[in-house]
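One structure is given here, and the rest of the page talks about it.
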Amino acid sequence: MFGLFKRKKTEPAPAVTSPQETAEDGTSAEATLDVPADGLGHETAAMPTPGQVEGGANRALPQSEPSRTEAQTAALPDEAPTESAPRKRSWAERLKAGLARTRQNLSGLFGRRRIDEELLEEIETTLLLADCGVEATQWLMDALRRRIKKDGLTDAEQLRDVMAELLTELLLPLQQPLQVEAHQPFIIMVTGVNGAGKTTSIGKLAKYFQSQGKTVLLGAGDTFRAAAREQLVVWGERNGVPVIAQEHGDPAAVAFDAVQAAKARGVDVAIIDTAGRLPTQLHLMEEIAKVRRVIAKAEPGAPHEVLLVLDANIGQNAITQVEAFDKAVGLTGLVLTKLDGTAKGGVIAAIARRCPKPVRFIGVGEGIDDLRPFSAREFVEALLGIER
Ligand SMILES: Nc1nc2c(ncn2[C@@H]2O[C@H](COP(=O)(O)OP(=O)(O)OP(=O)(O)O)[C@@H](O)[C@H]2O)c(=O)[nH]1
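Quick note, in UniProt numbering, the sequence shown goes up one by one and the last residue is 388.
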C-alpha cells in the first residue's frame, strides 16, 4: 500500500461519534468522524485545535495528537535523505525513469541513419507499442511525414526535435492547471476504477493545496472499502485536515455532509473520495452519478471539478474509462498515476486525440510530493530524452 498512508497502521484508531449526535455546522453528524486541524497553519475559527470538542458533539479525540513536527515527518516519509536512505531523485529524474522504456525505444530510432520508409514504419510501431493508440499514432505520423517533406529532412537525428514539437502540440491543450479560486469551497469529486490511486492521490492533493496556503477538507466517500476510509481519516488526523466519514455510510450522504461541513467551516477546497468501480458495473456507475447529483443539491454548481484517476499502465483501456466516467458524471479533469512504473507514457497522446480532457496532475510515485500539475513540455522532454 502507498507509503503515504502506510505508517498510520501503528496509530490508534480515532473514535466515531454516536449516531444520534448532531454537529453545529449543519452536517447530519450521524456517525460522522471528524478529525480536527492539528495546527499546521491551516486552522480557522471553524477548525478547532486538538482537544477542543467540536460542534457540541461528544466526539472522542484520538489518545495523542501528533505534534506538528511528527505529523509533517509522517506525511513526508521520503523527503529528507539520511545516511541509510540515499537522496531522493528529483521530480524530473523520477518522470524520466518512469518513461525510460519508451525513451530508449525512440532514441534507438533517432540515431545516425537516413530517413526512409523502413524507419518511419519503425517509429510508427514504437508509438503504437508506447500506448499512443491508432489515432494519435496516425496523427503523429502524418504530421511527421509532412514536416520531412516540407523541411527536406534527410537524417533521423533531425526527427527527435520535430517529434518533440509535434507531441507538445498534441499534448499542450491538455495542460490546464486546476484553478480552485473561482469558488469557495471549491468542491472536487474523485472517481476511478479500483486501485487506480484515488485515495492516495487525494492525500497528495490535500498536501498540494495546503502548500498553496489553502484550507482543505476531505470526504471519505469510499464507503465500500473500509481501509480507504481509514486511510483518509488517519492521514487527515496527522496532517491537520478534517475528514468527514461515516462508518457504514451511504456515499451520497457522506458527500452531502462533506459539502455542508466545507461550507460551514469556510474551507477553500473539499475533496470527496468515491469507491472504485468498473465502467461495466452499471449499477455502481449509476450510484456515482447519484453522488454527483447529491453534491449539486448540497451546493448548486458543484462539484466544480470531477476528476478521473487513471493508472497510466492500463493502455487503451484508459479511453474506455474516460468515456464511461465522462458519460456517468461529466469529467472535467484527469489525474494520471503510476508514471513511475512500467508506464509507456503514450496513453496521454491517445487521450489527447480520442477523448481530450485536461490532465490536471500526474503521479510518479508513492511519496507525498510525487503528484504534480501536468506540463506538456516537461513530459515530452522526459519521453524523448531532451535536455534543456
Ligand atoms: N508506483 C506508484 N504507485 C501508486 C501511485 N499512486 C498510487 N499508487 C499505489 O496504488 C495503489 C492503489 O492506490 P489507492 O489510492 O488505494 O487506490 P484507490 O483508487 O483508492 O483504490 P480503491 O479504493 O480500491 O478503489 C497503492 O498501493 C498506492 O500506493 C503512483 O503514482 N506510483
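From the three backbone atoms N, C-alpha and C, an ideal C-beta is built for every residue, glycine too.
Item: Opening and closing residue of the beta strand (DSSP E) in which Ile362 lies; Value: Val359 to Gly363
Item: Of the residues Ala289, Leu128, Gly240 and Leu334, the one placed nearest Leu308, counting alpha carbons only; Value: Leu334
Item: Length of the line joining the Cα atoms of Val380 and Asp257; Value: 41 Å
Item: Pro177 versus Asp340, Thr332 and Gly346, residue with shortest Cα-Cα distance; Value: Thr332
Item: Gln63 versus Val234: straight-line alpha-carbon distance, rounded; Value: Residue confidence for Gln63 is low, a pLDDT of 29 falling below 50, so the modelled location carries little weight; the figure read from the coordinates is stated next. About 13 Å.
Item: Length-filtered (4 minimum) alpha helix (DSSP H) runs lying within the region 143-204; Value: 159-171
Item: Ser375: CB within 8 Å of a non-hydrogen atom of ligand 1; Value: no
Item: With 16 other Cβ atoms within 10 Å as the buried cut-off, status of Gly133; Value: buried
Item: Per-residue burial, His283 [other beta carbons within 10 Å of its own, 16 or more giving buried]; Value: exposed
Item: Stretch pair the region 316-329 + the region 98-107: three plus CB contacts closer than 8 Å; Value: no
Item: Glu366 CB to nearest heavy atom of ligand 1 below 8 Å; Value: yes
Item: Proximity to Lys290 [Cα-Cα], best of Ala253, Ile319 and Ala262; Value: Ala253
Item: Among Ala261, Ser201, Asp273 and Lys344, nearest to Glu366 - alpha-carbon criterion; Value: Ser201
Item: Gly192 CB to nearest heavy atom of ligand 1 below 8 Å; Value: yes
Item: Touching by the beta-carbon criterion (3+ pairs, under 8 Å), the region 155-165 and the region 288-303; Value: no
Item: Selected residue, minimal CA-CA separation from Ala274, among Leu171, Ile368, Met189 and Val364; Value: This sequence places Thr at residue 274; Ala is not what is there. It is Met189 whose Cα lies nearest to the Cα of Thr274.
Item: Ligand 1 heavy atom lying under 8 Å from the CB of Lys338; Value: yes
Item: Ala80 - DSSP class collapsed to helix/strand/coil; Value: With a pLDDT of 40 at Ala80, under the threshold of 50, the predicted position of this residue should be treated as unreliable, though the coordinate-derived value follows. Reduced to three states, the DSSP call for Ala80 is coil.
Item: Identity of the residues DSSP links to Pro373 by a beta bridge; Value: Phe361
Item: Candidates Tyr208, Gln260, Ala182 and Ile123: closest to Gln142 by CA position; Value: Residue identity check: residue 142 is Asp in the sequence provided, not Gln. For the residues Tyr208, Gln260, Ala182 and Ile123, the minimum Cα distance to Asp142 belongs to Ile123.
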